[in-house]
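Residues 1 to 124 (the UniProt record's numbering) make up the sequence shown, in order. C-beta: ideal position from N, C-alpha, C; glycine also. A short worksheet on the structure shown next.
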Amino acid sequence: MKNELTFNDLPMVVKELCNKVESLEETLLKQVTSRPVPVYENYHTPMTSEEAREYLKMPKSTFYFKVGNGEIPAIKQGKRYYLYKDELDHWLETGRKNAPALSVEEMNAAILASHKRKPNSTNY
């Protein structure tokens with residue numbers, strides 16, 4: 001049967017419980033301190049045109065041609081161009097030939113937007 005606790009056994013049981021709680025705290029502390037802390041990088045950082053060219057792996061003339069035409073998102077301050085890494089990533093993603101799959105709602109909206117009505121023959 002179960003061990004019945006008496007009033008005299010309480011100090012010993014409380015001591016055992018305290019020991020168990022301390023051991024649990026130690027194991028939790030070890031687990032928490034052993035995990036690497038994730039470092040989040042800020043992608044909205046300004047880049048110079050040279051850094052952006054290296055990031056895009058693009059020739060200098062092509063880069064400045066596309067920036068001048070407004071194909072690549074850039075900010076011009078005086079004689080210098082500044083670009084943001086997250087905007088460049090977004091620009092690269094939107095330039096894909098095989099676009100990511102559309103949801104059902106997006107496909108329906110695209111179909112409705114491309115639907116043209118036939119003109120009435122009475123309006124001629």
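Reference residue i, options the options, closest by Cα
{"i": "Y84", "options": "D9, Y43, P59, N8", "result": "Y43"}
{"i": "D89", "options": "M47, N69, L5", "result": "M47"}
{"i": "T45", "options": "I75, G95, E4", "result": "I75"}
Under the three-state DSSP convention, the category residue i falls into
{"i": "R80", "result": "strand"}
{"i": "M58", "result": "coil"}
{"i": "I72", "result": "coil"}
{"i": "T48", "result": "strand"}
{"i": "S114", "result": "helix"}
{"i": "V104", "result": "helix"}
{"i": "V67", "result": "helix"}
Delimiting residues of the alpha helix (DSSP H) encompassing residue i
{"i": "P11", "result": "10-34"}
{"i": "residue 131", "result": "The requested residue 131 does not occur in the structure, where the chain is confined to residues 1 to 124."}
Beta-carbon spacing of residue i, residue j below 8 Å
{"i": "S49", "j": "F63", "result": "yes"}
{"i": "P73", "j": "E87", "result": "yes"}
{"i": "V67", "j": "Y81", "result": "yes"}
{"i": "A113", "j": "L102", "result": "no"}
Cα-Cα separation, residue i to residue j
{"i": "residue 188", "j": "K30", "result": "Here the chain has residues from 1 to 124 only, and residue 188 is not among them."}
{"i": "E23", "j": "P36", "result": "Going by the sequence as given, residue 23 is Ser instead of Glu. Cα to Cα, the separation comes out at about 22 Å."}
{"i": "Q77", "j": "W91", "result": "20 Å"}
{"i": "H115", "j": "E93", "result": "27 Å"}
{"i": "K57", "j": "E41", "result": "21 Å"}
{"i": "K20", "j": "L28", "result": "12 Å"}
{"i": "E69", "j": "E54", "result": "The question names Glu, but residue 69 in the sequence shown is Asn. So the two alpha carbons sit approximately 20 Å from each other."}
{"i": "D9", "j": "T33", "result": "37 Å"}
{"i": "L5", "j": "C18", "result": "17 Å"}
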